[in-house]
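Protein chains: 2
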Amino acid sequence: MNIKSQNNYLNCKPEDQLERIRFNSVDLVSEEELLRKLKKSFKEKKPLKIKAGFDPSRPDLHLGHVIVLNKLKLFQDLGHHVVFLIGDFTAQIGDPSGLDKTRPLLNAKEVKQNAETYSRQVFKILDSHKTKVRFNSEWMNKMSAVDLIHLAGQHTVARMLERDDFSKRFKKNQPICIHEFLYPLVQGYDSVVLESDVELGATDQLFNLLVGRELQKRKGQEPQCVLTFPLLEGLDGVRKMSKSYNNYIAIEDSPKEIFGKTMKLSDDLMFRYYELLTDKTNQELKQLKEDLKTGKAHPMKVKMDLACFFVECFYDTATAEKERENFKNIFSRQEVPSDIQKYTVSPAEDFWICHLICESGLSPSTSEARRLIQGRAVEIDGEKVQDSNLKMNLKAGDEFILKAGKRRFVKIVVGI
Amino acid sequence: MNIKSQNNYLNCKPEDQLERIRFNSVDLVSEEELLRKLKKSFKEKKPLKIKAGFDPSRPDLHLGHVIVLNKLKLFQDLGHHVVFLIGDFTAQIGDPSGLDKTRPLLNAKEVKQNAETYSRQVFKILDSHKTKVRFNSEWMNKMSAVDLIHLAGQHTVARMLERDDFSKRFKKNQPICIHEFLYPLVQGYDSVVLESDVELGATDQLFNLLVGRELQKRKGQEPQCVLTFPLLEGLDGVRKMSKSYNNYIAIEDSPKEIFGKTMKLSDDLMFRYYELLTDKTNQELKQLKEDLKTGKAHPMKVKMDLACFFVECFYDTATAEKERENFKNIFSRQEVPSDIQKYTVSPAEDFWICHLICESGLSPSTSEARRLIQGRAVEIDGEKVQDSNLKMNLKAGDEFILKAGKRRFVKIVVGI
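Sequences listed follow chains A and B, in order.
Residues in the first sequence are numbered consecutively from 574, following our numbering.
Residues in the second sequence are numbered consecutively from 574, following our numbering.
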């Protein structure tokens with residue numbers, strides 16, 4: 574998404590590249606090395622190989638993945654090569670201990686299907702001509718037990734237990750199966766095979782990315798630089814965005830869903846998404862916040878801009894604008910002021926709608942009320958009234974919102 | 574060694590088999606299961622499959638190994654089948670972390686050579702017709718990384734860290750490489766492939782043997798029973814017998830070495846060896862100790878019997894008896910009573926040997942002394958005196974043992 578508003582930085586100076594790349598990153602191991610690589614690449618006109626791995630057992634990409642995809646796209650725009658690595662090897666093995674029932678075990682056909690799904694999604698952001706899609710089963714399926722033992726000899730138990738989640742589980746006496754120690758090594762070995770210069774991932778991947786660095790060093794390769802980015806909070810603003818928490822905006826959501834979900838964000842979260850998912854600079858964001866405070870900008874408008882931006886990224890500008898209009902229409906139909914006036918009526922049968930409109934003060938006369946209904950400008954609880962001869966049954970305790978014209982509301986309360 | 578004095582127990586009752594098998598064992602998991610297996614085998618006339626694994630990177634077998642080999646032979650005598658498993662797979666991989674410099678890395682040719690050495694040694698004890706020699710590289714070389722990951726999924730990190738040596742190293746922050754966690758699984762997997770009914774090993778193998786049990790259970794096999802035997806103390810009586818401590822009696826030592834090393838044992842250790850390596854019953858050993866106490870038996874004689882027994886096991890009776898005679902001769906030449914009489918002479922040059930023999934009271938006359946020398950019955954510090962005209966230089970401070978005839982000694986001390 575950064576991308577669409579960016580120029581081609583093929584000739585961007587290394588220092589400037591670094592500045593753009595590290596923006597919003599959490600870990601960078603190490604800045605010095607990355608700058609050296611960028612300088613060498615710039616001097617020799619030789620693009621860097623940028624790796625990012627994805628788990629094919631969860632093929633629905635959401636905004637959480639987009640943070641890294643955006644960075645990959647930035648690298649492409651800067652002239653570098655991207656390897657989109659699908660970790661199908663482990664997905665095909667699943668959890669041999671049988672402990673993790675939630676992780677689906679995929680067969681080769683499903684992996685292929687998921688990979689196609691992936692392509693459809695990631696190429697909404699990445700440039701397909703500058704992206705290599707690889708599957709680690711290519712080399713892992715051929716690996717022998719001997720080779721895996723050699724790989725396992727490159728790392729110690731103590732260091733593996735330093736990984737945050739392992740450490741917690743170990744302390745809590747929750748079982749860690751030995752094969753779980755092998756997966757980070759496999760992921761690291763992928764970097765050896767791909768000879769990647771840089772690997773990107775979310776912060777919770779830091780440990781695994783560093784394993785890749787070490788294995789490369791041991792193989793005599795220049796170790797990859799490691800860049801991590803924040804885990805995006807889900808729509809609830811509490812847990813990380815995940816399909817299993819149902820707090821996500823998926824890349825493949827419909828324009829209507831993307832727009833609607835974005836509009837439900839809290840203002841704080843809206844700014845977080847602006848920060849992590851758009852190309853707004855810190856300066857611009859600061860100004861925007863200021864404008865909201867002073868009333869120069871309206872929060873609803875700022876949120877709609879964000880929603881529009883997301884739809885535009887995964888679809889196009891026209892679709893985005895159409896969604897904006899749709900939303901505005903629906904919103905205006907439902908827009909009920911919080912200080913709405915109440916009007917109490919007594920229970921009655923066959924009460925004419927135009928009388929109610931008149932009595933409650935929404936129109937000066939029943940003929941005016943009839944004209945409003947015929948002009949489709951009257952709603953009961955957001956539903957348009959079609960028939961100007963409508964007779965209503967008003968029962969004690971009923972409450973509803975009666976709207977006539979663009980901004981005139983009244984809350985009808987049926988008394989006893 | 575038990576063996577040679579044993580009959581064939583093919584028709585031995587299961588309860589009696591159990592009694593003989595468990596004799597001297599440290600762990601037995603579990604007695605109930607083993608008895609059930611023995612009963613079934615007895616009833617169906619179907620021999621059990623007994624597994625014992627050996628490390629081919631150390632091809633010299635010593636008495637420490639003999640404890641288990643003896644038990645294997647017992648199983649053979651009872652009619653069961655023995656699989657002598659050579660763990661060549663790991664020996665060919667070595668330590669991929671490069672941490673263990675002491676463990677030699679073997680190539681296929683060396684493994685084959687060591688295997689031949691092994692056969693030459695073990696068939697001094699085992700019945701070659703009833704022994705299957707297998708190499709775990711047969712199945713492990715064919716294993717894929719995927720299969721090994723599945724194997725690794727069968728065990729947890731916490732359980733592996735319960736192994737005594739791992740636990741100690743972990744607590745001391747000494748590195749444990751991840752592949753080290755894989756080796757016990759490989760060893761356990763061997764039991765799955767071999768479908769072994771019983772596995773034997775030294776006590777320090779208990780953990781690994783139990784892994785085999787678990788893997789078999791998971792594969793739906795009836796789990797092997799596990800029997801461990803004590804680690805034999807080396808000749809120093811302190812550390813376990815090992816080539817690297819140079820405190821061992823090797824199966825391939827010469828008869829002279831075996832005899833000589835045995836004779837150097839302390840009396841306590843002699844009984845330990847009797848207990849663990851011969852077929853003496855507890856009752857017989859108790860009696861022997863009693864006889865030593867009362868003087869009915871001489872410790873030297875009891876030790877010679879043990880030395881003879883060892884030589885007989887690895888060679889034959891005639892060789893053993895020859896060694897006994899050799900030893901006796903050498904010993905008797907050196908046998909000096911601890912309460913030896915002293916005789917002090919003044920320093921002198923060209924002092925005639927026959928005078929000294931006379932003066933010190935070993936013979937009544939010089940002519941008798943001359944006859945003794947001519948009869949090769951005189952020794953100085955264990956060396957025969959050849960010349961009856963020998964003139965000696967007696968210098969102040971000199972001391973030596975003068976022996977004349979079979980049991981007559983005197984300690985000559987040259988005074989100032």
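Don't be surprised by glycine CBs; every beta carbon is placed ideally from N, CA and C.
According to DSSP, residues forming a beta bridge with residue i
i        : result
Glu952/A : Lys957/A and Lys976/A
Leu601/A : Leu800/A
Gly774/A : Thr801/A
Arg707/B : Leu658/B
Cys750/A : Thr729/B
Phe627/B : Ile659/B
Val918/B : Val987/B
Glu806/B : Lys813/B
His635/A : Ala823/A
Lys790/B : DSSP, once it has assigned bridges, lists no residue as partnering Lys790/B.
Ser717/A : Ser717/B
Reduced DSSP secondary structure (H/G/I, E/B, other) of residue i
i        : result
His871/A : coil
Ala969/A : coil
Thr854/B : coil
Lys622/B : strand
Gly726/A : coil
Phe883/A : helix
Asn580/B : Low local confidence applies: a pLDDT of 41 at Asn580/B is under 50, so the model's placement there is unreliable, with the coordinate-based value given in what follows. If DSSP states are grouped into helix, strand and coil, Asn580/B belongs with coil.
Asn575/A : Here Asn575/A scores only 41 on pLDDT, less than 50, and its place in the model is too uncertain to base an answer on.
Lys984/B : strand
Phe780/B : helix
Asp923/B : strand
Ser614/B : helix
Lys964/B : strand
Pro757/B : helix
Ser769/B : coil
Asp889/A : coil
His702/B : helix
Glu830/B : helix
Cys931/A : helix
Phe696/A : coil
Residue i burial status per 10 Å Cβ neighbour count (16 or more: buried)
i        : result
Ala969/A : exposed
Met716/B : buried
Leu634/A : buried
Tyr762/A : buried
Gly955/B : exposed
Thr867/A : exposed
Ala664/B : buried
Ile946/A : buried
Arg949/A : exposed
Val599/A : exposed
Glu885/A : buried
Glu972/A : exposed
His638/B : buried
Pro828/A : buried
Ser578/A : Note that Ser578/A scores a pLDDT of 36, beneath 50, so its modelled location is shaky; the value from the coordinates is reported in the next line. Exposed, because fewer than 16 other Cβ atoms sit within 10 Å of the Cβ of Ser578/A.
Thr890/B : exposed
Integer Cβ distance of residue i from residue j, believed to fall under 8 Å
i        : j        : result
Asp770/A : Leu621/A : 4 Å
Ser630/B : Leu679/B : 6 Å
Ala725/B : Leu699/A : Contact flag wrong, Cβ pair sits at about 35 Å.
Phe844/B : Ala880/B : That belief does not hold up - the Cβ atoms of Phe844/B and Ala880/B are roughly 14 Å apart, past 8 Å.
Met836/B : Phe900/B : 7 Å
Tyr916/B : Ile985/B : 6 Å
- Which residues, in chain order, does the segment 748-759 of chain A contribute to contact with chain B at a C-beta distance below 7 Å? Pro748, Ile749, Cys750, Ile751, His752, Phe754 and Leu755
- What are the residues of the segment 720-735 of chain B that lie near chain A, defined by any Cβ-Cβ distance shorter than 9 Å? Asp720, Leu721, Ile722, His723, Leu724, Ala725, Gly726, Gln727, His728, Thr729, Val730, Ala731, Arg732, Met733 and Leu734
- Message: Any C-beta of chain B within less than 8 Å: which residues of the segment 602-621 of chain A qualify?
- Response: none
- Task: Could you name the residues of the segment 643-666 of chain B whose beta carbon sits closer than 9 Å to any beta carbon of chain A, in the order they occur along the chain?
- Result: Phe662, Thr663, Gln665 and Ile666
- Message: If the cut-off is 8 Å on Cβ atoms, which residues from the segment 772-795 of chain B count as contacting chain A, listed in chain order?
- Response: none
- May I ask you to list, following chain order, the residues of the segment 699-717 of chain A that have a beta carbon less than 9 Å from some beta carbon of chain B? Met713, Asn714, Lys715, Met716 and Ser717
- When you check each C-beta in the segment 810-821 of chain B against every C-beta of chain A, which residues fall closer than 8 Å? none
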